[in-house]
Amino acid sequence: MLQSGAGLSILRRVQDEAEREAEGREQRRHRQGRRMLTILFDGVAYGMLLFVLACGLSVTLGLMNLINLAHGAFAMAGGYVTALLANRHGVPFLATLPLAFLVSAALGALLERTLYRHLYAKGHLDHVLFSIGIVFMAMAGVEYCIGPDQILVNVPPFLAGRLDVAGVGIGIYRLFLIAVCAALVVTLQLALTRTRFGSRLRAAVDDPRVARGLGIDVGRIFAVTFALGSGLAGLGGALGAPILGVDPSFPQKYMIYFLIVVTVGGTSGMVGPFVASLLLGVADVAGKYYVPDLGAFMIYAVMIAVLVLRPQGLFARARA
Amino acid sequence: MSTAEALGPARHLLAARGRWHAAEGLFWLVGLASYFLFPAAHPLLNQAAVMALFALSYDLVLGYAGIVSLGHAAFFGVGAYAAGLATKFLVGDPLVGLAVAAVAAAAVGFASSFLLLRGSDLTRLMVSLGVALVLGEAANKAAWLTGGADGFSDMAVGPLLGRFTFDMFGAVAHAYSLAVLFLLFLLARLVVHSPFGLSVQAIRNNPLRARALGVPVNARLVAIYTLAAAYAGIAGALLAQTTQFVSLDVLDFSRSADVMLVLVIGGTGYLYGGMIGACLFTLMQYELSGLTPKYWHFWLGLILVGLVLVGRERLSGTARGLGRLLPGRAGT
Numbered sequence: 067m068l069q070s071g072a073g074l075s076i077l078r079r080v081q082d083e084a085e086r087e088a089e090g091r092e093q094r095r096h097r098q099g100r101r102m103l104t105i106l107f108d109g110v111a112y113g114m115l116l117f118v119l120a121c122g123l124s125v126t127l128g129l130m131n132l133i134n135l136a137h138g139a140f141a142m143a144g145g146y147v148t149a150l151l152a153n154r155h156g157v158p159f160l161a162t163l164p165l166a167f168l169v170s171a172a173l174g175a176l177l178e179r180t181l182y183r184h185l186y187a188k189g190h191l192d193h194v195l196f197s198i199g200i201v202f203m204a205m206a207g208v209e210y211c212i213g214p215d216q217i218l219v220n221v222p223p224f225l226a227g228r229l230d231v232a233g234v235g236i237g238i239y240r241l242f243l244i245a246v247c248a249a250l251v252v253t254l255q256l257a258l259t260r261t262r263f264g265s266r267l268r269a270a271v272d273d274p275r276v277a278r279g280l281g282i283d284v285g286r287i288f289a290v291t292f293a294l295g296s297g298l299a300g301l302g303g304a305l306g307a308p309i310l311g312v313d314p315s316f317p318q319k320y321m322i323y324f325l326i327v328v329t330v331g332g333t334s335g336m337v338g339p340f341v342a343s344l345l346l347g348v349a350d351v352a353g354k355y356y357v358p359d360l361g362a363f364m365i366y367a368v369m370i371a372v373l374v375l376r377p378q379g380l381f382a383r384a385r386a
Numbered sequence: 170m171s172t173a174e175a176l177g178p179a180r181h182l183l184a185a186r187g188r189w190h191a192a193e194g195l196f197w198l199v200g201l202a203s204y205f206l207f208p209a210a211h212p213l214l215n216q217a218a219v220m221a222l223f224a225l226s227y228d229l230v231l232g233y234a235g236i237v238s239l240g241h242a243a244f245f246g247v248g249a250y251a252a253g254l255a256t257k258f259l260v261g262d263p264l265v266g267l268a269v270a271a272v273a274a275a276a277v278g279f280a281s282s283f284l285l286l287r288g289s290d291l292t293r294l295m296v297s298l299g300v301a302l303v304l305g306e307a308a309n310k311a312a313w314l315t316g317g318a319d320g321f322s323d324m325a326v327g328p329l330l331g332r333f334t335f336d337m338f339g340a341v342a343h344a345y346s347l348a349v350l351f352l353l354f355l356l357a358r359l360v361v362h363s364p365f366g367l368s369v370q371a372i373r374n375n376p377l378r379a380r381a382l383g384v385p386v387n388a389r390l391v392a393i394y395t396l397a398a399a400y401a402g403i404a405g406a407l408l409a410q411t412t413q414f415v416s417l418d419v420l421d422f423s424r425s426a427d428v429m430l431v432l433v434i435g436g437t438g439y440l441y442g443g444m445i446g447a448c449l450f451t452l453m454q455y456e457l458s459g460l461t462p463k464y465w466h467f468w469l470g471l472i473l474v475g476l477v478l479v480g481r482e483r484l485s486g487t488a489r490g491l492g493r494l495l496p497g498r499a500g501t
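Protein chains in written order, with this note's numbering: chain L, 67 to 386; chain F, 170 to 501.
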């Protein structure tokens with residue numbers, strides 16, 4: 067009797083443990099699901115940031131067939147405007163964002179009018195050499211003037227911290243990023259499809275020669291677009307400063323990301339680069355989280371997969 | 170007209186293009202003389218010879234096949250690591266190291282060439298840069314093998330041909346690099362003046378028309394890219410063996426940019442461009458990095474920007490003038 071009682075209690079204990087384990091498994095599955103959502107959320111935020119950083123490049127490339135590898139230098143300029151103003155001069159973070167846009171846009175306009183405009187008639191090799199030269203000068207110049215260390219920007223208290231929505235951890239700053247970038251995407255798409263400038267721009271991208279024949283000043287459209295694209299890159303650099311940081315090697319580090327966004331997304335609109343950015347962002351964040359050892363290779367895997375499956379990009383028409 | 174008759178003028182043309190010129194002999198004599206005239210500069214000149222071979226390899230890709238690559242250091246780096254590891258784990262003989270490096274780099278070049286066949290210049294830039302970055306990341310992660318960011322130098326390179334031990338003044342190293350450069354130059358000269366070489370140039374000038382003429386475009390591009398990768402691998406192996414040190418910077422982006430600049434200074438598409446460019450580049454690097462070692466890249470960037478704005482053709486006019494004396498340059 068005693069023995070069977072002991073046996074019973076052992077049996078019960080085993081049952082209890084099995085139940086607890088099942089419960090644990092359930093919980094773990096839930097936790098994993100929630101973590102996956104968090105990663106997806108972070109990836110989307112990162113992807114949207116990439117889009118803001120790279121969209122200017124896709125337009126300038128589609129418009130003038132100009133391969134500007136120095137696009138990241140304008141992003142870095144914006145990042146440094148925010149980092150220096152916020153960290154050293156105590157300007158509120160949000161107030162630095164428009165300044166970052168304006169400084170980068172002005173820089174873009176200046177360089178376009180003085181230097182880049184001489185490139186349009188030249189070949190791709192010249193574009194590559196020239197823009198690598200700009201990258202090297204920007205990197206060495208920043209290192210000389212500001213220093214080689216990475217600067218991280220602290221976000222204001224009301225943007226810091228995490229929200230807990232149905233158990234899914236959501237960084238407030240990332241939520242802010244998604245909101246700002248989504249607003250930008252909608253604005254850009256509307257500007258491109260609804261405004262007069264947008265339709266001129268689309269005409270110029272489709273066929274610059276015919277557009278010129280219709281009296282559209284393609285050169286001026288290009289200058290404005292270049293400045294806007296540089297400004298957006300600067301804004302992206304500023305928005306990214308709290309999570310990516312800024313350092314002198316920024317233009318080189320993100321060159322491959324920009325190239326992938328533009329190549330995979332194509333240059334015929336905003337949708338392609340947007341989808342490509344999201345894909346890249348989610349793949350990068352998920353890769354680094356789930357397979358830390360191989361995570362850095364994830365974006366290249368995406369790049370090769372897209373190249374093999376769709377050599378002309380996700381949405382693009384064949385480009386000459 | 171029979172085939173033999175039709176081939177007559179073509180053979181004649183090839184023979185005329187491939188004929189040696191006095192200026193070429195002079196060029197190599199100067200190279201040889203520099204070995205005896207400047208014994209103190211052996212390490213520097215060795216560096217120039219390695220750079221020249223690397224640029225020769227890039228010329229095959231850019232100047233002859235018209236592929237703008239942004240990651241040619243990938244093959245240089247694979248060669249350097251392959252030679253370094255072969256010396257460390259297999260045998261110390263430098264020529265075996267060269268062979269291992271050539272095979273390893275050619276294998277990587279062959280595999281990645283298929284990604285370059287389709288798509289535009291932009292796609293090629295992205296893929297070539299991506300391949301170099303992947304290899305850099307792999308070398309960084311495989312620190313147990315490659316030493317990661319610190320690199321490794323514990324390799325004992327044996328005597329060359331079993332007789333000449335590498336000395337601390339770099340005399341043997343310099344002679345070794347110069348000899349390898351010359352032999353590989355001869356091979357490249359044969360290749361670019363062969364019917365194969367001409368067809369590659371036809372692809373560069375107009376891929377569509379070349380295809381219509383019956384040139385197997387993809388196969389030719391794969392072949393020339395693989396050959397160029399092997400060349401770059403040997404250049405990397407030379408650097409690894411003569412400095413007895415390999416680290417991540419053999420795969421660095423700036424090395425790919427350097428080789429672009431070297432070739433562009435000297436002029437593309439006539440084989441000597443890379444060598445003339447390498448001499449000028451090495452001198453420039455020596456002078457400028459002596460002034461501001463940390464900010465050498467600023468001057469490099471300034472030169473690149475200036476070169477494009479002034480016009481590559483005009484600025485490299487002196488090199489081209491010399492090039493015009495050297496026959497066999499492709500009409501670009």
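Backbone N, C-alpha and C fix where the C-beta goes; we use that ideal spot for every residue, glycine too.
Straight-line gap, residue i to residue j (C-alpha atoms, nearest Å)
i                 : j                 : result
Gly179 of chain F : Phe354 of chain F : First, the amino acid is wrong: residue 179 of chain F is Ala here, not Gly. Taking the straight line from one Cα to the other gives about 24 Å.
Ala276 of chain F : Tyr394 of chain F : 11 Å
Arg498 of chain F : Leu440 of chain F : Low confidence applies to Arg498 of chain F: its pLDDT is 45, below 50, so where it sits in the model is not reliable enough to give any reading.
Gly200 of chain F : Leu259 of chain F : 33 Å
Val337 of chain L : Leu119 of chain L : 15 Å
Gly475 of chain F : Gly261 of chain F : 45 Å
Leu335 of chain L : Leu346 of chain L : For the sequence presented, residue 335 of chain L should be read as Gly rather than Leu. In a straight line, the C-alpha of Gly335 of chain L is about 18 Å away from that of Leu346 of chain L.
Ile403 of chain F : Ala224 of chain F : 12 Å
Thr309 of chain F : Ala318 of chain F : The residue asked about is misnamed: residue 309 of chain F is Asn in this sequence, not Thr. Approximately 6 Å between the Cα atoms of the pair.
Ala204 of chain L : Glu87 of chain L  : 57 Å
Tyr186 of chain L : Gly99 of chain L  : 50 Å
Leu284 of chain F : Leu181 of chain L : 33 Å
Ala249 of chain F : Ala243 of chain F : 10 Å
Arg389 of chain F : Val369 of chain F : 6 Å
Met295 of chain F : Pro364 of chain F : 31 Å
Ala166 of chain L : Leu305 of chain L : 9 Å
Opening and closing residue of the alpha helix (DSSP H) in which residue i lies
i                 : result
Ile309 of chain L : 284 to 310
Gly144 of chain L : 137 to 154
Asp192 of chain L : 190 to 211
Asp228 of chain F : Neither: Asp228 of chain F is in no alpha helix (DSSP H) and is coded neither H nor E.
Arg228 of chain L : Where Arg228 of chain L is concerned, there is no enclosing alpha helix (DSSP H), although the beta strand (DSSP E) it sits in stretches over 228 to 231.
Ile236 of chain L : Not the alpha helix (DSSP H): Ile236 of chain L falls in the beta strand (DSSP E), residues 234 to 237.
Lys463 of chain F : Here Lys463 of chain F belongs to no alpha helix (DSSP H), and DSSP marks it neither H nor E.
Asn374 of chain F : 364 to 374
Chain-ordered chain F contacts of residue i [CB-CB under 9 Å]
i                 : result
Gly128 of chain L : Chain F residues near Gly128 of chain L: none, gap ~11 Å exceeds 9 Å.
His184 of chain L : Val477, Leu478
Cβ distance (whole Å) where residue i is taken to contact residue j below 8 Å
i                 : j                 : result
Ala344 of chain F : Tyr455 of chain F : The Cβ separation is near 21 Å, so there is no contact.
Val327 of chain L : Ala342 of chain L : 5 Å
Leu473 of chain F : Phe196 of chain L : 7 Å
Pro223 of chain L : Pro314 of chain L : In fact, because the Cβ distance is near 29 Å, the residues do not count as touching under 8 Å.
Interface partners of residue i on chain L, CB under 7 Å
i                 : result
Phe467 of chain F : Phe202, Met203, Ala206, Gly207
Met429 of chain F : Leu195
Phe422 of chain F : Gln318
Arg380 of chain F : In chain order: nothing, as chain L lies at least about 16 Å away.
Closest by C-alpha distance to residue i, when choosing among the options
i                 : options                                : result
Asp230 of chain L : L:Leu241, L:Val221, L:Pro223           : L:Leu241
Leu213 of chain F : F:Thr334, F:Leu390, F:Leu182, F:Leu452 : F:Leu452
Gly109 of chain L : L:Leu373, L:Asp313, L:Leu256, L:Val351 : L:Val351
Phe450 of chain F : F:Val431, F:Tyr464, F:Leu460           : F:Val431
Val247 of chain F : F:Ala271, F:Asp228, F:Tyr233           : F:Ala271
Val349 of chain F : F:Leu239, F:Leu408, F:Leu390           : F:Leu408
Met429 of chain F : L:Val194, L:Ser170, L:Leu225, L:Ala171 : L:Val194
Arg287 of chain F : F:Ser346, F:Gly327, F:Ile236, F:Leu302 : F:Ile236
Ala234 of chain F : F:Phe467, F:Leu382, F:Leu264, F:Pro376 : F:Pro376
Leu239 of chain F : F:Ser322, F:Ala209, F:Ser297, F:Ser423 : F:Ser297
Limits of the beta strand (DSSP E) - the one that residue i falls within
i                 : result
Arg332 of chain F : It is not in any beta strand (DSSP E) - Arg332 of chain F carries neither H nor E in the DSSP assignment.
Residue i: contacting residues in chain L (beta-carbon distance under 9 Å)
i                 : result
Lys257 of chain F : Within 9 Å Cβ-Cβ: nothing; Lys257 of chain F doesn't reach chain L, min ~24 Å.
Tyr464 of chain F : Ala206, Gly207, Glu209, Tyr210
Neighbour list for residue i in chain F, Cβ cutoff strictly below 7 Å
i                 : result
Tyr320 of chain L : Within 7 Å Cβ-Cβ: nothing; Tyr320 of chain L doesn't reach chain F, min ~12 Å.
Phe363 of chain L : Val303, Glu306
Within chain L, the residues that residue i reaches when beta carbons sit closer than 8 Å
i                 : result
Val237 of chain F : His190, Leu191, Val194
Gly339 of chain F : None at all; the shortest Cβ gap to chain L is about 29 Å.
Neighbouring residues, chain F, relative to residue i (Cβ below 8 Å)
i                 : result
Met336 of chain L : Result: empty, since nearest Cβ-Cβ is about 18 Å, beyond 8 Å.
Going along the region 272 to 296 of chain F in order, which residues come within less than 8 Å of chain C, judged by CB to CB distance?
Absent from the structure is chain C; the protein chains it does hold are L and F.
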